[in-house]
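Mapping of the sequence shown onto the working numbering: position 57 corresponds to residue 1542, and the numbering continues sequentially without gaps.
All C-beta atoms, glycine included, are put in the ideal place defined by N, C-alpha and C.
Written out below as structure tokens is the structure these notes cover.
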Amino acid sequence: MIPVERIPVSGECVVARNGTELAELLNRHATHHHKIGQNLLSDEAITAVALREALRIQRTAPGKRLGDILVEMGAASPTAVHRALIGELDVPRVALPEFDIDPHATALISADLAHALEVLPLMFEGENLVVAVHALPQPKDLELLRFTAGHPLRLVLAPQEELRHTIDKIYRDPSYVQDLAQLAAAGEALNEESRIWKDAEQLAKKAPLVQLVNVILHEAIAQHASDIHIRPAEKNFELLYRIDGALVNVRQYARGLLPAVVSRIKILSDLNIAEHRLAQDGRIRIKDGAQTIDLRISIIPVQYGESVVIRILNKSEGLRSIDEIGFGERDKEMFLDLLRRSYGIILVTGPTGSGKSTTLYAALQAVERAANVNVITVEDPIEYELASTRQIQVNQQIDFGFPQALRHILRHDPDVIMIGEMRDVETCKIAIESALTGHLVFSTLHTNDAPSTLVRLMEIGIAPYMIRSAVIGVLAQRLVRRNCELCLVEEEVPALMRKNLGLTGDEVFYRGAGCPHCRHTGFKGRIAIYELLLMTEALRAQVQAGVASDVYRSIAIKEGMVPLPINGVAQARAKLVSIAEIYRACM
1486 MIPVERIPVS GECVVARNGT ELAELLNRHA THHHKIGQNL LSDEAITAVA
1536 LREALRIQRT APGKRLGDIL VEMGAASPTA VHRALIGELD VPRVALPEFD
1586 IDPHATALIS ADLAHALEVL PLMFEGENLV VAVHALPQPK DLELLRFTAG
1636 HPLRLVLAPQ EELRHTIDKI YRDPSYVQDL AQLAAAGEAL NEESRIWKDA
1686 EQLAKKAPLV QLVNVILHEA IAQHASDIHI RPAEKNFELL YRIDGALVNV
1736 RQYARGLLPA VVSRIKILSD LNIAEHRLAQ DGRIRIKDGA QTIDLRISII
1786 PVQYGESVVI RILNKSEGLR SIDEIGFGER DKEMFLDLLR RSYGIILVTG
1836 PTGSGKSTTL YAALQAVERA ANVNVITVED PIEYELASTR QIQVNQQIDF
1886 GFPQALRHIL RHDPDVIMIG EMRDVETCKI AIESALTGHL VFSTLHTNDA
1936 PSTLVRLMEI GIAPYMIRSA VIGVLAQRLV RRNCELCLVE EEVPALMRKN
1986 LGLTGDEVFY RGAGCPHCRH TGFKGRIAIY ELLLMTEALR AQVQAGVASD
2036 VYRSIAIKEG MVPLPINGVA QARAKLVSIA EIYRACM
């Protein structure tokens, strides 16, 4: 048995993430292959005389491969020819998790054969079938693949674990790919809009479609995505996952499948399957192993169909403690001191997706542990369930919003109140009044930084004297992508970026270059950067209409606040994040 040789991988090799990139790489590599005979001569596996004789025989039999001729002549061993083939194959690499795999290509190879040989057809390149491998198959296996597929083969390289995972996913059901292609064709054949949506419900109940939607959901959970995006286009629709704060293009599907996919999601979330002209919101709760996952569904009509965004809330992973938020020791002590107060309002600010809810839940857990208190929350939606907390879900359809809920919970003798978001003047006023009447209140607000929160409250309609009396602290935060620690390289920082962040010209920073561990993105996970503003007497004295946020910022810094950019640069100096990521988040 000839041992399987590993295909050598150059550290400079470019990784293809889609069919266009891979076709370009294949064309580029096709012009750089060495002849197998030259490799054998270089390895001193054959003589020049034997090579000339083999080339003469090949001219009389053009269909015969040079390596086979040399083996038949006894001039070279099969192992030597195998090694020479590896040297000939300067194989491009491919990132399978991001690759758009052509179902017509995978349909050419059976599930059993794909698993047995650990090969995965990806796409067509002209008449060639492009196949991903982690090692060069044996000659007899290559011949079997060529015969089965009925196409010449082009091999590309993928990491073994990625390859096995993708083969398992694609070939869970041997008929899955073929059935999906048939459903796509059926969907494309429906030209009348009324017929499309009438038949979509039937397609949505077919096993391949059920499996497709299940794979989309469970794959996103396995990759720790926070959101799933389904984007319709003119000729197809895109599937994207938001991973570590960045959208990752997973693959594209035939547009004929879109109505059935959307209908399947509507069935799961108890939405109106017949309504495709209005926006709809729903929820799904699913089990993924021992985990309970809540999915928030938002569907809106767009130009080429219905666009779907699914927010993934993993109840077993999302809850964090104050220690896990990422505070420095000094700021952690100050924040915990705020939580020990008996009244006042603590605001957490930042854009959507900056981890505000995670911080609020961490604060609630710390309050619950510290004392025997009555905690009530008003949320939209309830993201994580807390054992000792009474949580209220608002329902706008029956006119039960934040203001209505707050009026009622004040009669339930709460010590601590958490308001999911202060969206309007009525909610803000009730929250402020609650803080002034002996309650500790937590809430969120959308502002760029901590000092501008004071200006924003006045813009909403809160009187300056109420802000001075009620607000005790503001935490502004961002989530930034953490460097992958396995592929750190020195970062090139533009001069203007250094100037704007107040950095010296010779200070060295690092970024992730990209590797299989981080899906070739350079990032693995996220961490929080923040600024914590305490309402000191100096700040309270300045809170009045017409004062710019820069004035509040200057006072807060003098009083000890560490600004967001400086906190971020400290994380970059520790090699945890890149300077470019800090600049993107803070400037």
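For the 8 Å CB-CB criterion, valine 1901 and valine 1959 do not form a contact. If the five residues before and after asparagine 1985 are omitted, its C-beta is found closer than 7 Å to the C-beta atoms of Met2072, all from its own chain and listed in chain order. DSSP lists Arg1770 and Leu1798 as the bridge partner or partners of aspartate 1779. Beta-bridge partners of leucine 1960 (DSSP): Val1833 and Leu2017. By the beta-carbon neighbour count (other beta carbons within 10 angstroms, threshold 16), serine 1595 is exposed. Ranked by how close their Cα comes to the Cα of leucine 1642, the residues Pro2048, Tyr1828, His1600 and Leu1507 have Leu1507 in first place.
Glutamine 1623 carries a coil assignment under DSSP once its states are collapsed to helix, strand and coil.
Where isoleucine 1542 is concerned, there is no enclosing beta strand (DSSP E), although the alpha helix (DSSP H) around it starts and stops at 1533 to 1545.
For alanine 2030, the closest of Ser1937, Ala2070, Val1993 and Arg1966 by C-alpha to C-alpha distance is Ser1937. Residue ranges of uninterrupted alpha helix (DSSP H) with 4 or more members, entirely inside the segment 1805 to 1872 and ordered along the chain, are 1807 to 1810, 1814 to 1824 and 1841 to 1855. When Cβ pairs closer than 8 Å are counted between the two stretches, the segment 1951 to 1958 is seen to touch the segment 1826 to 1835, the count reaching three or more. For the 8 Å CB-CB criterion, proline 1866 and arginine 1781 form a contact. Excluding sequence positions up to five before and after leucine 1540, its CB lies within less than 8 Å of the CB of Gly1522 and Leu1551, all in the same chain and listed in chain order. Taking leucine 1607 as reference, the option from Ile1586, Leu1845, Asp1653 and Gln2056 with the minimal CA-CA separation is Ile1586.
Under the three-state reduction of DSSP, arginine 2069 is assigned to helix. Per the DSSP secondary-structure output, aspartate 1712 pairs in a beta bridge with Arg1727 and Arg1796. Counting other Cβ atoms within 10 Å of its Cβ, isoleucine 1785 stays below 16 and is therefore classed as exposed.
Judged by DSSP secondary structure, alanine 1530 falls outside any beta strand (DSSP E); it is assigned neither H nor E. Restricting attention to Ala1935, Asp1909 and Val1833, the CA atom closest to the CA of serine 1928 is found in Val1833.
Between the segment 1961 to 1971 and the segment 1995 to 2013, the count of C-beta pairs closer than 8 Å reaches three or more; the two stretches touch. Nearest in C-alpha terms to alanine 1530, of all of Ala1705, Val1566, Arg2011 and Ile1861, is Val1566. As DSSP reads the structure, methionine 1608 sits in a beta bridge with Val1615. Annotated three-state conformation of methionine 1951 is helix, per DSSP. In this structure, Ile1652 is the residue among Lys1625, Ile1652 and Glu1646 with its C-alpha nearest to the C-alpha of valine 1616. As a beta-bridge residue in DSSP terms, proline 1717 pairs with Phe1722.
Restricted to the segment 1861 to 1938, the beta strand (DSSP E) segments that are unbroken, complete and at least 3 residues in length are 1875 to 1878, 1901 to 1904 and 1925 to 1930, listed in chain order. It is roughly 6 Å from the alpha-carbon of asparagine 2052 to the alpha-carbon of isoleucine 2014.
Under the three-state reduction of DSSP output, asparagine 1968 falls in the strand class.
Using a 10 angstroms sphere on the CB of glycine 2007, the tally of other CB atoms reaches 16 or more, which defines it as buried. Note that the C-beta distance between arginine 1825 and alanine 1872 is not below 8 Å. Nearest C-alpha to alanine 2070 among Ile1542, Ala1634 and Ser1839: Ser1839. Here the segment 1935 to 1954 makes contact with the segment 2029 to 2044; the two share three or more CB pairs at distances below 8 Å. Counting every other CB atom within 10 Å of its CB across the protein chains shown gives valine 1698 a total of 16 or more, marking it as buried.
Isoleucine 1917 places its beta carbon less than 8 Å from that of isoleucine 1947. Tyrosine 1995: member of the beta strand (DSSP E) spanning 1995 to 1997, first to last residue. Looking at the DSSP output, arginine 1736 bridges to Leu1724.
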